[in-house]
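Enquirer:
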Amino acid sequence: MTTALASAPALRIGPIELDAPVVLAPMAGITNTAFRRLCREYGAGLYVSEMITSRALVERNATTMRLIQHHESETPRSIQLYGVDPTTIAEAVRILVAEDRADHIDLNFGCPVPKVTRKGGGAALPWKLELFGEIVRGAVRAAGDVPLTIKMRKGIDTDHLTYLDAGRIAEDAGVAAIALHARTAAEFYSGQADWSAITALKSAVMSVPVLGNGDIWSADDAVRMMAETGCDGVVVGRGCLGRPWLFGDLANALAPDRTPTAQGVDATLGFVARAFRRHAELLVDFFEDEGRGCRDIRKHVAWYFKGYPVGGETRAQLATASTLAEIDELLATMELDAPYPGAAAEGQRGRAGTPKRPALPDGWLESRELGAEASCALADAELDHSGG
Ligand SMILES: Cc1cc2nc3c(=O)[nH]c(=O)nc-3n(C[C@H](O)[C@H](O)[C@H](O)COP(=O)(O)O)c2cc1C
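Position one of the sequence shown corresponds to residue 2 (my numbering), numbered consecutively onward.
1. Could you tell me the boundaries of the alpha helix (DSSP H) in which D250 lies?
2. Which full runs of the alpha helix (DSSP H) of 4+ residues lie inside the region 280 to 334, going along the chain?
3. Can you tell me whether D173 is buried or exposed? The criterion is at least 16 other CB atoms within 10 Å of its CB, across all chains shown.
4. Once the 5 residues before and after A171 are set aside, which same chain residues still bring their CB inside 6 Å of it?
5. Is DSSP giving L384 helix, strand or coil here?
6. Could you give the uninterrupted runs of the beta strand (DSSP E) lying entirely in the region 89 to 149, keeping only those of 3 residues or more?
7. Below 8 Å CB to CB, which residues in the same chain sit around E291 once its five sequence neighbours on both sides are set aside?
8. Please report how far the alpha carbon of G364 lies from the alpha carbon of L126, in whole angstroms.
9. Would you kindly report the start and end of the unbroken alpha helix (DSSP H) that includes S50?
10. Tell me whether D221 sits in a helix, a strand or coil according to DSSP, three-state version.
11. What is the rounded straight-line gap between the Cα of G234 and the Cα of M226?
12. Are the C-beta atoms of L270 and some chain B residue less than 7 Å apart?
13. Go to I179, then tell me how far its beta strand (DSSP E) extends in each direction, as first and last residue.
14. What's the gap between the Cα of L361 and the Cα of S50?
15. How many angstroms separate the CA atom of P210 from the CA atom of L202?
16. Quick one: give me the first and last residue of the alpha helix (DSSP H) that I170 is part of.
17. In chain order, what residues of the same chain lie with their CB nearer than 8 Å to the CB of E229, ignoring the 5 residues before and after it?
18. Going by Cα to Cα distance, which pick from A345, D104, A143 is closest to G308?
19. For D107, count neighbouring C-beta atoms within 10 Å of its own C-beta (all shown protein chains included) and say buried if the count is 16 or more, exposed if not.
20. Is any non-hydrogen atom of ligand 1 found closer than 6 Å to the C-beta of A254, if you look at the structure I gave you?
21. With DSSP run on the structure shown, which of helix, strand or coil describes E18?
22. CB of H182 to nearest heavy atom of ligand 1: below 6 Å?
23. Does R61 come out as helix, strand or coil in the three-state DSSP assignment?
24. Hey, is P148 close to ligand 1, as in C-beta under 6 Å from one of its heavy atoms?
25. Mapping DSSP to helix, strand and coil, what is I80?
26. So does D216 have its beta carbon nearer than 6 Å to some heavy atom of ligand 1?
27. Considering only C-alpha positions, which residue in the set V94, L247, N33, N214 is nearest to A220?
28. Could you name the residues of the same chain whose beta carbon sits closer than 8 Å to that of K120, not counting the 5 residues immediately before and after it, in chain order?
29. Please identify the residue among R61, S191, T76, A144 whose C-alpha is closest to the C-alpha of R95.
30. Closer than 6 Å by C-beta to S55: which residues in its own chain qualify, once you throw out the five before and the five after it? Chain order, please.
31. Considering just the uninterrupted stretch of the alpha helix (DSSP H) at L39, what are its terminal residues?
32. Which residue or residues does DSSP assign as beta-bridge partners of M226?
33. Bridge partners for R1 per DSSP, in chain order?
34. Closer than 8 Å is the cut-off here; do at least three beta carbon pairs connect the region 267 to 285 with the region 62 to 70?
35. Look up R239 in the DSSP assignment and say whether it is helix, strand or coil.
36. How would you write the range of the alpha helix (DSSP H) that L202 sits in, first residue to last?
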């Protein structure tokens, strides 16, 4: 049962008005046009692209230029950028704006991956306050009327928290919203997100919306996060893996005045199979290649059918199917009227992992200023590819 929040406001991000305070979290390798379109078909809110590397965009790398494309049904169009160099990031933002390629731009300061933090990028970067401020101010200026937001973690580890300083700097720089994944980089995806940090950020940042992120697995979790933390909206990542209809549940719970949207509460296996089939078809469309689309849907099989009576053999065959016709045949063999299995289909999915000491450049934590050594590490921190 989902408890509707009495008068949840819709969310405003700069000039963008959303009719539900819900954002699809950027997820590399997942939130491509196909998945965003699918989620949007069920719900309301903002659907962010997978991470795009500023340098690759400035260099007009072919894969990156394809990843920033949106389908005509996608509005507002939202793109997340990663980078470490203020000039390159500002240039990437300018390209998106000048060429009318985005209605919203988000900057990623939350990546915990060692190959990124080792060079001072991602979640390591806000530790260097001046650099962080320079990046955000430059990006906001370059964005002009297009709202620019940031997404960050609590910090590097519990002894090196950055989110309150970074939140205030970003607010002063003129961002349109601030999203917090309430874990440190050291926590990776382990344990439980610390929603009290979202409450603390909400008290520190008064003039722009604060979006809470971490461990929303159901509409009830989203309602609870908003009530407990006072955040202005929720960002949902792993909870929607294999259940794009969660965006229907979220919209119905958080924006009850809207016309209700199709939802997955009590989803039969037939309902799930239809969503899976639609996802596969949209991936084929996105890649413009049936084999590639059918290969990409494989990573979603376990998430869609979690808890449903689908045998190991069928799952394995779905994970090797290379045409939509093969997928259709396999789906037709399922007990499509099997009911929603309850708890077995719920709960955690996707990355979890164990806490790790974050990899950082030598001497990174000794000062919050960017010294010569740290500058050298950063020069190498640009990634040259986008997505996952
Ligand atoms: C597969 C995967 C890829 C991700 N890629 C990105 C990314 O490109 N940019 C980003 O800011 N966060 C990325 N994240 C983090 C999510 O946006 C989100 O902050 C995190 O999963 C916590 O939210 P959740 O508990 O709702 O999943 C990724 C997470 C996962 C699981």
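C-beta atoms are modelled at their ideal positions from N, C-alpha and C, and glycine is treated no differently.
Expert: Well, looking at it:
1. Counting along the chain, the alpha helix (DSSP H) containing D250 begins and ends at 247 to 255.
2. Under the rule that a run must span 4 or more residues, the alpha helix (DSSP H) segments found entirely inside the region 280 to 334 read 291 to 297, 302 to 306, 313 to 319, 325 to 333.
3. Looking at its Cβ environment, which holds fewer than 16 other Cβ atoms inside 10 Å, D173 is exposed.
4. Excluding residues within five positions, the ones whose Cβ falls inside 6 Å are V137, I151, I179.
5. Correct three-state label for L384: coil.
6. Listed in chain order, they are 105 to 110.
7. Excluding sequence neighbours, E291 sits near V285, S323, T324, L325.
8. The alpha-carbon atoms of G364 and L126 are separated by roughly 13 Å.
9. According to the DSSP assignment, S50 belongs to no alpha helix (DSSP H) but to the beta strand (DSSP E) extending over 47 to 54.
10. Assignment of D221 by DSSP, reduced to helix, strand and coil, places it in the helix class.
11. Using only the alpha carbons, I get a separation of about 9 Å.
12. No chain B appears in the structure shown, which is made up of a single protein chain.
13. Residues 178 to 185.
14. Straight-line measurement puts the Cα of S50 at about 27 Å from the Cα of L361.
15. Whole-angstrom Cα-Cα distance: 10 Å.
16. Judged by DSSP secondary structure, I170 falls within the alpha helix (DSSP H) whose first and last residues are 164 to 174.
17. Within the same chain, W196, T200 come within 8 Å of E229 by CB-CB distance, once the 5 residues on both sides are set aside.
18. If we check each option's Cα against that of G308, A345 comes out closest.
19. Buried, because 16 or more other Cβ atoms sit within 10 Å of the Cβ of D107.
20. Relative to ligand 1, even the nearest heavy atom lies 6 Å or more away from the CB of A254.
21. Note: E18 maps to strand in three-state DSSP.
22. Yes, Cβ of H182 sits closer than 6 Å to a heavy atom of ligand 1.
23. It is coil, neither helix nor strand.
24. Outside the cutoff, so no.
25. I80 sits in a strand when the DSSP states are folded into three classes.
26. At least one heavy atom of ligand 1 is nearer than 6 Å to the Cβ of D216, so yes.
27. Sorting V94, L247, N33, N214 by C-alpha distance to the C-alpha of A220 places L247 at the top.
28. Around K120, the same chain offers V85, P362, A378, L379, D381, A382 as residues with beta carbons nearer than 8 Å, after the five sequence neighbours per side are excluded.
29. Minimum Cα distance to R95 is reached at A144.
30. Contacts found: L82, G84, T89, I90, A93.
31. Where L39 is concerned, the enclosing alpha helix (DSSP H) stretches over 34 to 43.
32. None, per the DSSP bridge assignment.
33. Because the chain in this structure spans residues 2 to 389, residue 1 falls outside the shown range and cannot be described.
34. The count of Cβ pairs closer than 8 Å, one atom from the region 267 to 285 and one from the region 62 to 70, stays below three, leaving the stretches out of contact.
35. Three-state result, R239: helix.
36. Bounds of the alpha helix (DSSP H) holding L202 are 196 to 205.
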